[in-house]
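Okay, structure first, notes after.
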Amino acid sequence: MCNHHSDNKSPATLHNVDEGRRRVLAGGLAGITAATIGGFSSSAMAQGATTDPYAPPAEGALPDTGFQLDLSRAALVVTDPQVDFLSPEGVTWQVVGESVQEHNTVENIRRLFEAAKQRGITVAVSPHYYYPHDHQWTFGGPLEKMMHGIGMFDRENPLAALPRNTGADFMPQYKQYIEDGETIITSPHKIYGPEHNDLALQLRKRRIDQVILAGMSANLCVESHLRELLEQGFEVVVVRDATAAAKLPEGDGYLAALTNFRFIANALWSTDETVAKLQG
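In short: position in the sequence shown from 1, add 503, done, that's my numbering.
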């Protein structure tokens, strides 16, 4: 005769357990509603009273992650530090220029490069290039279509040297840091994230598992790199004023990204904070 497993419970017992779980859950949600939603309301009101739409909430509801930067296993990663995104000569300046200037993005990225090099930590650049065969894709999202249509990040072919003084080139003020023979220049990413380039491999091979993330643009490549690196097991800090994004009738890309940075990054620092930590 077989014995019943000790975990088997009668329907009445299971009902009681489920009722208990529901009561605990209800109590927890009630607590969150009282403490947290009220915080959201006051926070939204506080933000509505300020002239800065990007200011952090007066009182946030999310917990601190306890992230601690360990420079022995950290890298600075900069996405798309290229002319087409960051220069008035670039093809996207009409839509990103206001945001770039508003956040002092070009200079803040330069400061991060300089501080990282002075401290001697790993620096990696994840660039964006399109070759003629990429223009043969038969479908894509709205931003992909726009980028292909304006010739953004175009290069002649994958075998030719990076053409200088073009939209695909690195910003002149960054070249001393990127082209020093030490910086990792990954294979290009093609849409937004690093899933199909060698960024994660390059970092893993150096035993890097913490990333300070900056570059362009906030709600596209930066956010996509953030999400993928988190999925790959990295801790990621985003430098909030070392990025920017397009402002279009469809929305402010920087504001959209900033909300998600607060929700999912291990930390969100300013350039000043980041440089101080690198120098400390």
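C-beta atoms are modelled at their ideal positions from N, C-alpha and C, and glycine is treated no differently.
On a predicted model such as this, the values are computed, not experimentally measured, just so you know.
Cutoff 7 Å; reference residue i; Cβ partners in own chain excluding five residues on either side
i	result
Gln735	Ala703
Ala759	Asn722
Tyr634	Arg658, Asn660 and Pro661
Ala619	Leu579, Val626 and Leu781
His699	His692 and Lys693
Ala768	Leu729, Val739, Val740 and Val741
Glu776	none
Pro556	Leu758
Pro566	none
Exposure of residue i, with buried meaning 16 or more beta-carbon neighbours within 10 Å
i	result
Arg743	buried
Leu751	exposed
Pro591	exposed
His636	exposed
Phe673	buried
Thr568	exposed
Gln604	exposed
His728	buried
Gly643	exposed
Thr641	exposed
Thr608	buried
Asn668	exposed
Glu726	buried
Gly551	Confidence at Gly551 is low in this model, with a pLDDT of 46, below 50, so its placement is unreliable and the value that follows should be read with caution. With fewer than 16 Cβ atoms within 10 Å of its Cβ, Gly551 is classed as exposed.
Gln849	Because the chain in this structure spans residues 504 to 783, residue 849 falls outside the shown range and cannot be described.
Trp772	buried
Thr554	exposed
Beta-carbon proximity of residue i to residue j, cut-off 7 Å
i	j	result
Ala717	Ala745	yes
Asp587	Met655	yes
Phe764	Val741	yes
Thr774	Arg614	yes
Gly696	Glu647	no
Phe570	Ala770	yes
Phe616	Tyr677	yes
Gly670	Gly593	yes
6 Å CB neighbourhood of residue i in its chain, flanking five on each side removed
i	result
Arg622	Leu781
His606	Asp744 and Ala747
Ala749	Val598, Val599 and Gly756
Ile681	Val628 and Phe673
Cys724	Thr582, Asp583 and Tyr695
Phe663	Reading off the sequence, residue 663 comes out as Ala, not Phe. Result list for Ala663: empty, nothing under 6 Å.
Glu610	none
Neighbourhood of residue i by C-beta, 8 Å cutoff - its chain only, sequence neighbours within 5 removed
i	result
His651	Tyr633, Asp637, His638, Trp640 and Gly643
Arg709	Ala578 and Thr625
Pro666	Arg658, Glu659 and Asp672
Asp683	Lys620
Ala533	With a pLDDT of 41 at Ala533, under the threshold of 50, the modelled position of that residue is not reliable, and the figure given next carries that caveat. Closer than 8 Å at Cβ, skipping near neighbours: no residue.
Q | Runs of alpha helix (DSSP H) wholly within the region 680 to 735 (minimum 4 residues, chain order) | A | 702 to 708 and 726 to 734
Q | Stretch pair the region 621 to 641 + the region 572 to 589: three plus CB contacts closer than 8 Å | A | yes
Q.
So, does the region 556 to 574 touch the region 689 to 698, judging by three or more C-beta pairs under 8 Å?
A. no
Q) Which runs of the beta strand (DSSP E) spanning at least 3 residues fall entirely within the region 636 to 677, listed in chain order? A) none
Q) Are the region 725 to 735 and the region 592 to 600 touching, with three or more C-beta to C-beta distances below 8 Å? A) no
Q) Which full runs of the alpha helix (DSSP H) of 4+ residues lie inside the region 729 to 779, going along the chain? A) 756 to 767
Q: Only counting runs of 4 or more residues, tell me where the alpha helix (DSSP H) segments fall wholly within the region 548 to 635, in order along the chain.
A: 586 to 589, 596 to 605 and 608 to 622
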